[in-house]
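Notes for the one structure printed next.
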Amino acid sequence: MFNPVELLRHLGAGVVERVWRLGVASRFFVALLLRSGTALRRYPLTLREIWFSGVLSLIIILVSGLFVGLVLGLQGYEILQRYGSAEALGTMVALSLLRELGPVVAGLLFASRAGSAITAEIGLMKATEQLTAMDMMAVDPVARVVAPRFWGGVISMPLLAALFSTMGIFGGWLIGVVFIGVDDGAFWSQMQASVDFRYDILNGVLKSAVFGVAVSLIAVFEGYDSAPTAEGVSRAITRTVVTSALAILALDFVLTSFMFRELS
Amino acid sequence: MNRTTLDLWVGFFVAIGIGALLFLALKVGSFAGVQMDESYILKARFDNIGGLKVRGPVKSAGVVVGRVAEIRFDAAAYEAEVLMKIDARYVFPKDTFASIYTSGLLGDQYIGLEPGGEEEKLAADGTIFKTQSAVVLEKMVSQFLFNKAAEGQETQP
């Protein structure tokens, strides 16, 4: 029953399989970039995808951002007032949103709202042989279908993260200043004194752009690579959400350790 | 969905997205760190810098006039050498006094510059010689306890 050689073989097969998939994904990424020219020249295609993954994600991003901000306001006030520094609430809310929560939570929501939809769309196109039909008509499916969706996601993601952070800060202000009664002037001035444009805001935007590339690439690749059956598409969607979430959290750790290392 | 409505929605989305970025840049953040395009370096030597950090503020009369650019340990003199990036708009006299203060009880530490009365100004890469080190809380507490103990002995016959 228990055979060490067999076990090692399983391990090896698993590793080979994963490295192989990673290689396929990288080649797919390069091919996608090479054929993006057409997608960007025929910009109505990309515009439709910005509408699909950006505009349609607005509601969930704005509402989640507001609630995350409200919770940060309540919890932050409760902790900070123990040390008599409730005025630092603005700083706490703004920094935690701009540096971490904005890009990461917006990225996770984007992966589950837009990434899964992109995978489902491309996977279903493949299952119903629409992609093969396009190929037959000498229309390149990567340029016509995949690239616009990829760029739509890449463009939408930083904007969504910025909106998430803005809504969160508004939520923190609503709880802190309007409901609890932290001083309005101190809330904003302490925030402005400690938030640096380049260090905090631009690094946050950069993070969200990296997450946008990662999530969009995973979504289009899983769709394009899915088995052309109902079960295959559903598995591909699951993989998109799981892989995107793991990729966002892992990339976030790496980026944070490079960007904010001066603090330690 | 027809083309004009779609364009309208995408335009709206991009506009509020950029609006959010502008709001973050202007209302939430401050351009203070970026605006300082022209600056020059001043050096100061301290016996003890306490918890002073790189990028910490340099203030004069409470106004931020620069940032701490680099902190080095001078192994020859066993002193800390602090390089400050000062906004080029401000010049300070030669006998400026640099001290390390703490904002609030537990706040960040910053360098305070108190200008003296000398006519001659500090040039770029100049060194401030009059400095005062950071107050180390443990030293202050032990001094206080020591004084208390000494007082107690005096009152006792």
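Quick note, the sequences are listed as chains S and W, same order. Each residue of the first sequence is one higher than the one before, counting from 1333 in my numbering. Each residue of the second sequence is one higher than the one before, counting from 1077 in my numbering. All C-beta atoms, glycine included, are put in the ideal place defined by N, C-alpha and C.
Enclosing beta strand (DSSP E) for residue i [first to last residue]
i, result
"P1133/W", "P1133 to S1136"
"L1189/W", "Q1185 to E1190"
"E1146/W", "V1139 to D1150"
For residue i: DSSP bridge partner residues
i, result
"A1120/W", "V1158/W and I1204/W"
"R1530/S", "Answer by DSSP bridge pairing: none, since R1530/S is not bridged."
"F1173/W", "E1190/W and K1206/W"
"T1178/W", "Q1185/W"
"S1115/W", "D1163/W"
"K1197/W", "P1169/W"
Chain-ordered neighbours of residue i on chain C, where CB pairs are closer than 7 angstroms
i, result
"S1497/S", "Protein chains S and W are contained in the structure displayed, whereas chain C is not."
8 angstroms Cβ cutoff, residue i in contact with chain W
i, result
"F1482/S", "no"
"S1596/S", "Residue confidence is low: S1596/S scores 43 on pLDDT, short of 50, so the model does not pin down where it sits. Its coordinate-derived value is still stated next. Taking Cβ atoms only, chain W never reaches closer than 8 angstroms to S1596/S, which makes this a no."
"L1491/S", "yes"
"R1373/S", "no"
"I1501/S", "yes"
"A1494/S", "yes"
"L1379/S", "yes"
"F1592/S", "no"
"F1529/S", "yes"
"I1533/S", "yes"
Short Cβ contact (8 angstroms threshold) for residue i with residue j
i, j, result
"L1583/S", "V1542/S", "yes"
"A1156/W", "I1204/W", "no"
"Y1556/S", "I1487/S", "no"
"P1191/W", "F1168/W", "yes"
"G1439/S", "S1540/S", "yes"
"L1100/W", "L1430/S", "yes"
"V1144/W", "V1158/W", "yes"
"V1477/S", "L1364/S", "no"
"A1577/S", "I1501/S", "no"
"E1381/S", "G1484/S", "yes"
"L1441/S", "S1396/S", "yes"
"F1360/S", "F1553/S", "yes"
"K1161/W", "I1117/W", "yes"
"A1418/S", "V1514/S", "yes"
"L1402/S", "I1512/S", "no"
"S1558/S", "A1546/S", "no"
"F1519/S", "G1422/S", "yes"
"I1176/W", "G1228/W", "no"
"V1356/S", "V1086/W", "no"
"D1528/S", "G1105/W", "yes"
"V1573/S", "A1443/S", "yes"
"F1089/W", "L1390/S", "yes"
CB contact below 8 angstroms: residue i versus chain S
i, result
"L1128/W", "no"
"A1105/W", "Position check: residue 1105/W holds Gly in this sequence, whereas Ala was assumed. True, the Cβ-Cβ gap to chain S drops below 8 angstroms."
"L1118/W", "no"
"D1171/W", "no"
"D1083/W", "yes"
"F1220/W", "no"
Continuous alpha helix (DSSP H) stretch holding residue i: start and end
i, result
"A1493/S", "A1479 to W1505"
"G1093/W", "R1079 to F1099"
"T1588/S", "A1562 to M1591"
"L1339/S", "P1336 to L1366"
"E1554/S", "N1535 to D1557"
"F1601/S", "As displayed, chain S neither begins before 1333 nor continues past 1596, which places residue 1601/S out of reach and without an answer."
"I1512/S", "Careful: I1512/S lies outside any alpha helix (DSSP H) and carries neither H nor E."
"E1419/S", "First-last for E1419/S: undefined, no H or E at that position."
"T1378/S", "Y1375 to S1385"
"G1105/W", "Where G1105/W is concerned, there is no enclosing alpha helix (DSSP H), given that its DSSP letter is neither H nor E."
"L1441/S", "G1434 to F1442"
"L1430/S", "Segment: none, L1430/S is in no alpha helix (DSSP H) and carries neither H nor E."
"G1455/S", "S1448 to A1459"
"M1466/S", "Q1462 to M1468"
Check: When Cβ atoms are compared, which residues of the segment 1383-1394 of chain S fall closer than 7 angstroms to chain W?
Finding: Under the 7 angstroms Cβ criterion, the segment 1383-1394 of chain S contributes W1383, G1386, V1387 and L1390.
Notebook entry, point to check: Can you list, in chain order, the residues of the segment 1507-1527 of chain S whose Cβ is nearer than 9 angstroms to any Cβ on chain W?
Noted result: W1520, M1523, Q1524, A1525, S1526 and V1527
Next item on the list: Check distances from the C-beta atoms of the segment 1420-1434 of chain S to those of chain W and list, in chain order, the residues that come in under 8 angstroms.
Entry: Answer in chain order: A1426 and L1430.
Checklist line | Residues, ordered as in the chain, of the segment 1431-1465 of chain S that lie near chain W by beta-carbon distance below 8 angstroms | finding: none
Next item on the list: Check each residue of the segment 1085-1099 of chain W: if its Cβ is closer than 8 angstroms to any Cβ of chain S, include it; give the result in chain order.
Entry: Taken in chain order, the members of the segment 1085-1099 of chain W whose beta-carbon sits within less than 8 angstroms of a beta-carbon on chain S are W1085, V1086, F1088, F1089, V1090, I1092, G1093, I1094, A1096, L1097 and F1099.
Margin query: Please identify, using Cβ separations under 8 angstroms, the residues of the segment 1399-1414 of chain S that lie next to chain W, in order along the chain.
Written below: For chain W, none of the residues of the segment 1399-1414 of chain S brings a beta carbon within less than 8 angstroms of one of its beta carbons.
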